[in-house]
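What follows is one structure encoded as structure tokens, with my remarks underneath.
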Amino acid sequence: MEDTEENTFQISSLFRDKYKLRLVIITVLTLMILSVFINIWALVFIITFSFLNSLLLSIERYVSITHDLELSTFSAVMMSVSFGLGWGMTAAFFTKFMEIMYNKSMEIEDILAITSFMIAAVLGFIFRDMNITEVGIVVTFAVNVFNFITSSMVGYYTKYELIFQVMTNIVLNLVLFVSAAPVLLTLLTLLR
Numbered sequence: 475m476e477d478t479e480e481n482t483f484q485i486s487s488l489f490r491d492k493y494k495l496r497l498v499i500i501t502v503l504t505l506m507i508l509s510v511f512i513n514i515w516a517l518v519f520i521i522t523f524s525f526l527n528s529l530l531l532s533i534e535r536y537v538s539i540t541h542d543l544e545l546s547t548f549s550a551v552m553m554s555v556s557f558g559l560g561w562g563m564t565a566a567f568f569t570k571f572m573e574i575m576y577n578k579s580m581e582i583e584d585i586l587a588i589t590s591f592m593i594a595a596v597l598g599f600i601f602r603d604m605n606i607t608e609v610g611i612v613v614t615f616a617v618n619v620f621n622f623i624t625s626s627m628v629g630y631y632t633k634y635e636l637i638f639q640v641m642t643n644i645v646l647n648l649v650l651f652v653s654a655a656p657v658l659l660t661l662l663t664l665l666r
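Numbering (our numbering), first residue to last: 475 to 666.
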């Protein structure tokens, strides 16, 4: 099929429409002003982690097993180690908040999860001078012990479901912290 001018996107078309041009200019200026006060790259990574976490949630809609595939622990630790505790806590909250918005419901389990991700951010910050893979492994196990104990007390899941959730979460986070974390930490360090 031959591309026509009507269905081909051209960057120059952004600048023909005065509204779009103003929007681009305002966006660039806003980001420049914000960059004086906050690290834009940290914000970009939080948005990216939140988006990817929401994508993982779509698996829950198609797979009828209990699992705990999430990027909140990983993002909280990475942001705490790279940008500080404040950004780690922000990542911990917003990655879960996006999940709550995605599911359009909030339960006691979500509050416990936010708490566990905040713990991950704090532990990541405390152990930030260690190797990122080691930090990730320690934090992953600590957070999953916390999740198992608190979820057992709430009684929302059976022991079998809890064990399966903990195991899937540990496996995912171990894979992320062993394979992706060192590379991502290098990138985040360059962008600080």
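All residues carry an ideal CB built from backbone N, CA and C; glycine is no exception.
- Cβ-Cβ distances below 8 Å link Leu-530 to Leu-543, Glu-544, Leu-545 in the same chain, with the five nearest sequence neighbours on each side left out; the list follows chain order.
- Between the region 618–626 and the region 562–569, the count of C-beta pairs closer than 8 Å stays below three; the two stretches do not touch.
- In the structure shown, the three-state DSSP call for Tyr-631 is coil.
- Assigned with DSSP and collapsed to three states, Phe-601 falls in coil, not helix or strand.
- Judged by DSSP in its simplified three-state form, Met-580 adopts coil rather than helix or strand.
- For Leu-662, the uninterrupted alpha helix (DSSP H) segment begins and ends at 655–665.
- Here Tyr-630 has Glu-581, Ile-582, Glu-583 as same chain residues with Cβ atoms under 8 Å from its own Cβ, once five neighbours each way along the sequence are excluded.
- Taking 8 Å as the cut-off, the Cβ atoms of Met-572 and Asn-513 do not count as close.
- Of the residues assessed, Lys-570 falls on the buried side of the cut-off, its CB having 16 or more other CB atoms within 10 angstroms.
- The region 551–560 makes contact with the region 587–607: 3 or more CB pairs, one atom from each, lie closer than 8 Å.
- When secondary structure is reduced to three states using DSSP, Ile-512 falls in the coil class, being assigned neither helix nor strand.
- In the structure shown, Glu-544 adopts coil according to DSSP, grouped into three states.
- Residues of the same chain with a CB within less than 7 Å of the CB of Met-592, apart from the 5 flanking positions on each side, are Met-563, Ala-566 in chain order.
- Ser-532 and Leu-664 have their alpha carbons spaced roughly 32 Å apart.
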